[in-house]
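Take a look at the structure set out below.
There are 2 protein chains.
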Amino acid sequence: MLYVRDSLDVINGKWKMMILISLMNGNRRFTEIERSIPKITSKVLAKELKDLEENQLITRTVHDSYPVLVEYSTTAYVKTLDKVLRELHNWGINHRKKIFGK
Amino acid sequence: MLYVRDSLDVINGKWKMMILISLMNGNRRFTEIERSIPKITSKVLAKELKDLEENQLITRTVHDSYPVLVEYSTTAYVKTLDKVLRELHNWGINHRKKIFGK
DNA sequence: TATATTTGCTTTCAAAAAGTAAGTAGTTAC
DNA sequence: GTAACTACTTACTTTTTGAAAGCAAATATA
Numbered sequence: 098m099l100y101v102r103d104s105l106d107v108i109n110g111k112w113k114m115m116i117l118i119s120l121m122n123g124n125r126r127f128t129e130i131e132r133s134i135p136k137i138t139s140k141v142l143a144k145e146l147k148d149l150e151e152n153q154l155i156t157r158t159v160h161d162s163y164p165v166l167v168e169y170s171t172t173a174y175v176k177t178l179d180k181v182l183r184e185l186h187n188w189g190i191n192h193r194k195k196i197f198g199k
Numbered sequence: 098m099l100y101v102r103d104s105l106d107v108i109n110g111k112w113k114m115m116i117l118i119s120l121m122n123g124n125r126r127f128t129e130i131e132r133s134i135p136k137i138t139s140k141v142l143a144k145e146l147k148d149l150e151e152n153q154l155i156t157r158t159v160h161d162s163y164p165v166l167v168e169y170s171t172t173a174y175v176k177t178l179d180k181v182l183r184e185l186h187n188w189g190i191n192h193r194k195k196i197f198g199k
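These protein sequences, in sequence, are chains U and Z. Under our numbering, the first residue of the first sequence is numbered 98, with each subsequent residue one higher. Under our numbering, the first residue of the second sequence is numbered 98, with each subsequent residue one higher.
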């Protein structure tokens with residue numbers, strides 16, 4: 098289990114996974130993403146997006162149109178997180194059952 | 098991916114997973130655990146152990162011996178996290194390869 | 001034309017979390 | 001008697017988070 102630490106260093110945090118999932122669900126614009134994640138604030142979202150970009154998990158594209166659009170999308174690399182996310186999802190379902198009964 | 102949030106609420110944080118892994122590896126005493134996790138401080142460890150206990154992921158047993166011993170161990174429930182941890186481990190290996198090259 | 005609203009953020013200030021270092025009570029080893 | 005170990009706690013500093021407001025440019029509404 099030595100390498101769990103390495104994973105956590107990248108994807109740990111209250112929001113990173115949720116942002117990745119939001120992007121995988123097709124949200125691309127800043128405000129879309131913000132609205133898709135309950136309770137996140139724009140300051141935190143802006144910061145986390147920068148973080149994720151630095152870690153090459155997402156890309157930020159500015160479209161030179163009128164009005165200027167900024168689009169975020171996941172890189173191919175994020176697909177490698179699929180299994181992690183699936184297991185977290187499964188465990189979440191399970192845990193919810195345990196806590197709230199049935 | 099709706100339930101990832103529920104999982105994160107419980108096992109998120111810089112240290113929780115590492116503490117669970119340490120316990121799964123056989124460490125049971127406060128100081129053992131502390132020594133097994135680089136850079137964790139006793140204050141943070143004490144707090145996280147309380148958290149994990151409240152979430153019923155670990156148990157704390159005080160042995161009324163001389164000297165008094167305190168032992169921590171994971172509950173059966175933690176076994177359900179096995180897959181999550183395994184995937185995080187795998188991804189960590191993979192990520193390390195990507196960053197440092199093979 | 002004037003006002004309101006949207007987008008993609010940034011700024012300011014307050015609160016919470018995390019880290020650092022030292023301390024403590026009891027026990028035991030030297 | 002001095003030092004060391006165990007399982008923490010306390011006091012203080014630094015970092016991170018959060019809440020709220022602001023902003024420039026553009027578009028929509030009245």
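Here a beta-carbon is modelled for each residue, glycine too, at the ideal position from N, C-alpha and C. Quick caveat, the model's predicted, so the values are computed rather than measured.
Going straight from the alpha carbon of residue i to that of residue j, what length do you get?
i	j	result
Arg183 (chain U)	Glu129 (chain Z)	33 Å
Ser139 (chain Z)	Ile155 (chain U)	36 Å
Thr158 (chain U)	Gly110 (chain U)	24 Å
Phe127 (chain Z)	Met115 (chain Z)	14 Å
Leu142 (chain U)	Ala173 (chain U)	21 Å
Using the beta-carbon of each residue, which ones in chain Z are nearer than 7 Å to residue i?
i	result
Thr177 (chain U)	Trp188, Asn191
By the 10 Å Cβ neighbour count, where 16 or more other Cβ atoms means buried, how is residue i classified, buried or exposed?
i	result
Lys113 (chain Z)	buried
Glu145 (chain U)	buried
Val175 (chain U)	buried
Gly160 (chain U)	The sequence given here places His at residue 160 (chain U); Gly does not occur at that position. With fewer than 16 other Cβ atoms within 10 Å, it is exposed.
Val167 (chain U)	exposed
Gly123 (chain U)	exposed
Ile134 (chain U)	buried
Leu99 (chain Z)	exposed
Can you give me the Cβ contacts of residue i inside the same chain, cut-off strictly under 6 Å, excluding the 5 residues immediately before and after it?
i	result
Ile149 (chain U)	The amino acid at residue 149 (chain U) is misidentified as Ile; the sequence shows Leu. Once the five neighbours on either side are set aside, the close Cβ partners of Leu149 (chain U) are Ile155.
Arg132 (chain Z)	none
Run down chain U in chain order and give the residues with a C-beta less than 7 Å from the C-beta of residue i.
i	result
Lys104 (chain Z)	The question names Lys, but residue 104 (chain Z) is Ser in the sequence shown. By Cβ distance, chain U contributes Leu185, Trp188, Gly189, His192.
Tell me which residues share the same chain as residue i and place their Cβ nearer than 7 Å to its Cβ, disregarding the 5 neighbours each side in the sequence.
i	result
Thr171 (chain Z)	Leu117, Leu120, Met121, Leu154, Ile155
Val165 (chain U)	Val159
Return the chain-ordered list of same chain residues with a C-beta closer than 8 Å to the C-beta of residue i, the five sequence neighbours on each side being excluded.
i	result
Ser104 (chain U)	Val181
Asn152 (chain U)	Val107
Arg125 (chain U)	Glu168, Tyr169, Ser170
Which residues in chain U sit within 8 Å of residue i, going by Cβ to Cβ distance?
i	result
Lys147 (chain Z)	Under the 8 Å cutoff, chain U gives no residues; its nearest Cβ is about 18 Å from Lys147 (chain Z).
Strictly below 9 Å CB to CB, what residues from chain Z border residue i?
i	result
Tyr100 (chain U)	Leu185, His186, Asn187, Trp188, Gly189, Ile190, Asn191, His192, Arg193
Quick one: complete beta strand (DSSP E) runs, 3+ long, within the segment 144 to 195 of chain U?
155 to 160, 166 to 171
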